[in-house]
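Worksheet for the structure shown next.
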Amino acid sequence: MSKPVCKPVWRQDFTRADADLRDWNIRLGNDLLDEAGRPIVPGWGNNERQYYTADAANLYLDGTGLNLCARRQPVEEGGRRFAYTSARLDTKDRMAFRYGKLVVRARLPEGAGLWPAIWLMPQADKYGPWPASGEIDLLEARGRLPREISGTLHYGPDMARKRIDEFAHRLEQGTIAQDREYGLEWTEEAIRWLVDGYCYAERRLEPGMPFDEPFYLVLNLAVGGWYDDVPVDDAALPAVMTVAEIVRFDL
Numbered sequence: 001m002s003k004p005v006c007k008p009v010w011r012q013d014f015t016r017a018d019a020d021l022r023d024w025n026i027r028l029g030n031d032l033l034d035e036a037g038r039p040i041v042p043g044w045g046n047n048e049r050q051y052y053t054a055d056a057a058n059l060y061l062d063g064t065g066l067n068l069c070a071r072r073q074p075v076e077e078g079g080r081r082f083a084y085t086s087a088r089l090d091t092k093d094r095m096a097f098r099y100g101k102l103v104v105r106a107r108l109p110e111g112a113g114l115w116p117a118i119w120l121m122p123q124a125d126k127y128g129p130w131p132a133s134g135e136i137d138l139l140e141a142r143g144r145l146p147r148e149i150s151g152t153l154h155y156g157p158d159m160a161r162k163r164i165d166e167f168a169h170r171l172e173q174g175t176i177a178q179d180r181e182y183g184l185e186w187t188e189e190a191i192r193w194l195v196d197g198y199c200y201a202e203r204r205l206e207p208g209m210p211f212d213e214p215f216y217l218v219l220n221l222a223v224g225g226w227y228d229d230v231p232v233d234d235a236a237l238p239a240v241m242t243v244a245e246i247v248r249f250d251l
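Using UniProt numbering, the first residue of the sequence shown is number 1, and each one after it goes up by one.
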């Protein structure tokens with residue numbers, strides 16, 4: 001990993017033989033849920049086409065890291081049919097933080113319709129439901145554009161007045177399929193996005209923005225969805241997002 005600015009305060013080394021998922025919640029299905037676990041909207045609110053499972057075919061540790069695998073695999077639930085399965089997990093109620101540096105070493109899949117993401121959501125919706133309490137996207141990628149990544153902030157008082165600050169970056173060499181470090185530095189003054197130690201974007205924080213509360217971490221590999229909104233290339237499946245290590249530092 002990159003040279004830390006201080007001693008790590010939380011580490012997940014998924015390459016270790018004794019790695020486990022005790023700090024993680026595995027999410028299931030295709031519905032975005034409310035705090036009581038009731039479905040709000042299908043497609044996880046993004047028109048995603050996959051059904052998340054906890055099956056070993058979709059989520060597994062194998063010595064190279066934590067693997068989230070998207071597959072063409074029909075699933076039926078409640079009269080609805082889904083053509084794809086994949087995996088999603090998060091640290092809600094297990095690990096949340098306010099300010100610091102987060103570094104994730106990962107390899108991401110290529111292929112049209114694949115949407116790997118590493119992101120943060122508020123532990124408590126202090127300022128109201130999304131987007132009022134914010135969302136921090138450390139990393140998103142479009143599988144059909146394997147040399148491009150982005151980091152994003154979502155916020156605003158309500159859906160009608162939501163703000164999206166997206167910062168795109170084109171990799172100078174190689175693609176997202178290679179082992180890379182994706183980083184986020186978060187202070188009271190600003191949020192910065194990094195890849196392989198290089199800071200490619202900074203957003204100064206302003207009064208009224210909701211990024212002063214603890215957020216938890218989310219990892220997922222979506223199939224389809226509005227982020228790229230292109231047909232899924234079934235020939236690219238199965239496709240794997242491998243997370244080798246995650247380290248959080250205090251700044």
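Cβ atoms here follow ideal geometry from the backbone N, Cα and C, with glycine treated the same way.
Exercise for the section: Please confirm whether F97 and F211 have their CB atoms less than 9 Å apart. Expected result: It is not a contact, given that the beta carbons lie outside the stated cut-off.
Handout entry: Exposed unless 16 or more other CB atoms sit within 10 angstroms - verdict on G134
Key = buried
Handout entry: Proximal residues to D165 (C-beta, below 7 Å), its chain only, five neighbours per side dropped
Key = These residues qualify, in order along the chain: T152, L153 and R203.
Problem - Integer Cβ distance of A70 from P231, believed to fall under 8 Å - result: The Cβ separation is near 15 Å, so there is no contact.
Problem - Whole-angstrom C-beta distance between G143 and E110, which should lie under 8 Å - result: 5 Å
Handout entry: Per DSSP, the bridge partner or partners of L153
Key = Beta-bridge pairing links L153 to I136 and D165.
Practice task
State the DSSP-derived secondary structure class of D234, mapped to helix, strand or coil.
Solution key: helix
Exercise for the section: Please work out which residues of its chain come closer than 7 Å, Cβ to Cβ, to C6, disregarding the five sequence neighbours upstream and downstream, and give them in chain order. Expected result: Result list for C6: F249 and D250, in chain order.
Practice task
Taking 9 Å as the cut-off, decide whether the C-beta atoms of M159 and P122 are in contact.
Solution key: no
Problem - Selected residue, minimal CA-CA separation from S86, among N30, G78 and P157 - result: N30
Handout entry: Residue span of the beta strand (DSSP E) that contains K101, given as start and end
Key = G100 to R107
Exercise for the section: Have a look at R81, R105, K126 and E48 and flag the residue whose alpha-carbon is nearest the alpha-carbon of Q12. Expected result: R105
Handout entry: Minimum Cβ-Cβ distance from Y200 to chain B less than 9 Å
Key = Of the protein chains in this structure there is only one, and it is not chain B.
Practice task
Check whether the Cβ atoms of R94 and V223 sit closer than 9 Å, and answer yes or no.
Solution key: The Cβ atoms of R94 and V223 lie no closer than 9 Å to each other.
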